[in-house]
Amino acid sequence: MDHMKRTLSFNPLSEENTKKLRSELLNELRISSIENLSNELFNEIFDYLDGIDIYLAFSNLNHRFQQLLTSSSILYKIELIHISSKEIFMLIY
Numbered sequence: 001m002d003h004m005k006r007t008l009s010f011n012p013l014s015e016e017n018t019k020k021l022r023s024e025l026l027n028e029l030r031i032s033s034i035e036n037l038s039n040e041l042f043n044e045i046f047d048y049l050d051g052i053d054i055y056l057a058f059s060n061l062n063h064r065f066q067q068l069l070t071s072s073s074i075l076y077k078i079e080l081i082h083i084s085s086k087e088i089f090m091l092i093y
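Note that UniProt numbering gives residue 62 to position 62 of the sequence shown, counting from 1, and the numbers run on in steps of one.
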């Protein structure tokens with residue numbers, strides 16, 4: 001049997017679409033990659049940061065981070081000495 005091989009054809013429109021799709025995929029992966037990290041890893045990272053900085057950066061970001069912040073010892077790391085009562089009120093409410 002003779003096998004016929006397909007010939008490679010160059011289609012600039014197809015190449016442009018491929019580049020666009022590849023770019024969109026890479027952007028999507030970059031955006032969502034931090035959310036692929038485990039909670040345990042975030043807790044390890046948070047050990048190196050100030051409690052108030054963690055709370056200000058990650059509170060109300062999304063449900064997962066809100067749960068992570070309220071269910072861990074991060075709230076105990078907040079040094080209340082450096083925060084005014086107004087700032088405490090704003091953090092809680």
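Quick reminder that beta carbons are idealized off the backbone N, C-alpha and C, glycines included.
Remember, it's a predicted structure, so these values are computed and weren't measured experimentally.
| Item | Value |
| --- | --- |
| Contacts around Phe58, its chain only, beta-carbon distance under 7 Å, and the 5 residues preceding and following it disregarded | Phe65, Leu69 |
| Under the three-state DSSP convention, the category Asn62 falls into | coil |
| Whole-angstrom C-beta distance between Ile74 and Tyr55, which should lie under 8 Å | 7 Å |
| Minimum C-alpha distance to residue 116 - residue among Arg22, Asp50, Glu35, Ile52 | Since the first residue shown for the chain is 1 and the last is 93, residue 116 is missing from the structure and cannot be characterised. |
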